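Take 5 as the starting number for the sequence shown in our numbering and just add one per residue.
Ideal Cβ positions, reconstructed from N, Cα and C, are used throughout, including at glycine.
Just so we're clear, the structure is a prediction, and the values are computed from it rather than from any experiment.
Following: one structure in structure tokens, then a few remarks.
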Amino acid sequence: MAMSTTKTIIFWTATGIIAATWLGGGVADLIRWPDTVADMLQLGYPPYVMTILGMWKIPAAIVILMPGYPLLKEWAYAGTFFEISGAFASHLAAGSAFHHLFWTGLFTVCTVVSWALRPRSRTLGALIPSRTWAPAAGTAASSR
5 MAMSTTKTII
15 FWTATGIIAA
25 TWLGGGVADL
35 IRWPDTVADM
45 LQLGYPPYVM
55 TILGMWKIPA
65 AIVILMPGYP
75 LLKEWAYAGT
85 FFEISGAFAS
95 HLAAGSAFHH
105 LFWTGLFTVC
115 TVVSWALRPR
125 SRTLGALIPS
135 RTWAPAAGTA
145 ASSR
């Protein structure tokens with residue numbers, strides 16, 4: 005299997021996991037699913053936080069999946085990373101059961117993988133621009 009095909013499969017797998025998690029989690033937050041409310045209370049968060057998170061998770065999932073809109077994608081990935089890594093840290097601090105740490109850790113990794121492997125058409129440009137310039141003739145840098 006070609007590397008580009010492998011990269012594409014890994015990208016879409018990680019992206020699909022994040023989108024499905026965010027769509028389902030957003031709905032669970034908005035309807036205040038009893039298990040989700042219990043988890044939020046166990047972490048010390050008031051239930052109204054679920055409404056705030058839920059109303060941002062659903063659009064983030066849609067933006068990450070749809071073509072185009074690279075700036076919106078950057079914001080969606082950033083919000084997703086902040087929320088899910090914050091959930092991991094919250095579960096760690098609260099002494100939550102291992103499965104909470106496993107899933108929030110996995111979703112954090114999937115977010116980073118999806119962001120890092122996204123096709124060029126879904127980016128704002130190179131993360132670290134290549135150094136393609138040369139110093140002007142006669143400058144200190146060119147005389148080394």
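Which of the three DSSP states, helix, strand or coil, is assigned to residue i?
i, result
"M70", "coil"
"W37", "coil"
"S100", "coil"
"Y81", "helix"
"G129", "coil"
"S146", "Below a pLDDT of 50, predicted positions are generally treated as unreliable, and S146, at 49, falls in that range; the measurement from the model is reported next regardless. The answer is helix: DSSP assigns S146 an H, G or I state."
"Y52", "helix"
"P63", "helix"
"R122", "coil"
In angstroms with no decimal places, state the Cα-to-Cα distance between residue i and residue j.
i, j, result
"M54", "I35", "9 Å"
"C114", "I22", "7 Å"
"S146", "R126", "In this prediction, S146 scores a pLDDT of 49, lower than 50, which makes its location untrustworthy; no coordinate-derived value is stated."
"A97", "W107", "15 Å"
"A64", "G90", "16 Å"
"D39", "D33", "10 Å"
"L110", "R122", "18 Å"
"I68", "G29", "15 Å"
"R124", "L105", "32 Å"
"L75", "L128", "7 Å"
"K77", "W60", "13 Å"
"A18", "F102", "21 Å"
"L27", "I62", "5 Å"
"F92", "T9", "31 Å"
"A24", "G72", "19 Å"
"W16", "I56", "27 Å"
"T112", "I88", "6 Å"
"I151", "S100", "Outside the modelled stretch of the chain, which goes from 5 to 148, sits residue 151, for which no answer is possible."
For residue i, collect the residues of the same chain with a Cβ closer than 7 Å to its Cβ; drop the 5 residues on either side in sequence, then sort them by chain order.
i, result
"W79", "none"
"K11", "L121"
"I14", "V117 and L121"
Going along the chain, which residues of its own chain have a beta-carbon closer than 8 Å to the beta-carbon of residue i, five neighbours each way excluded?
i, result
"Y49", "S94"
"P51", "R36, V41, M44 and L45"
For residue i, which residues from the same chain have a beta carbon less than 6 Å from its beta carbon, with the 5 sequence-adjacent residues on both sides left out?
i, result
"Y81", "W119"
"M47", "The residue asked about is misnamed: residue 47 is Leu in this sequence, not Met. Here the set comprises S94 and A98."
"G58", "G30, D33 and L34"
"M70", "none"
Write down the C-beta distance between residue i and residue j rounded to the nearest angstrom, noting that I regard them as a contact closer than 8 Å.
i, j, result
"V117", "F85", "11 Å between Cβ atoms; not a contact."
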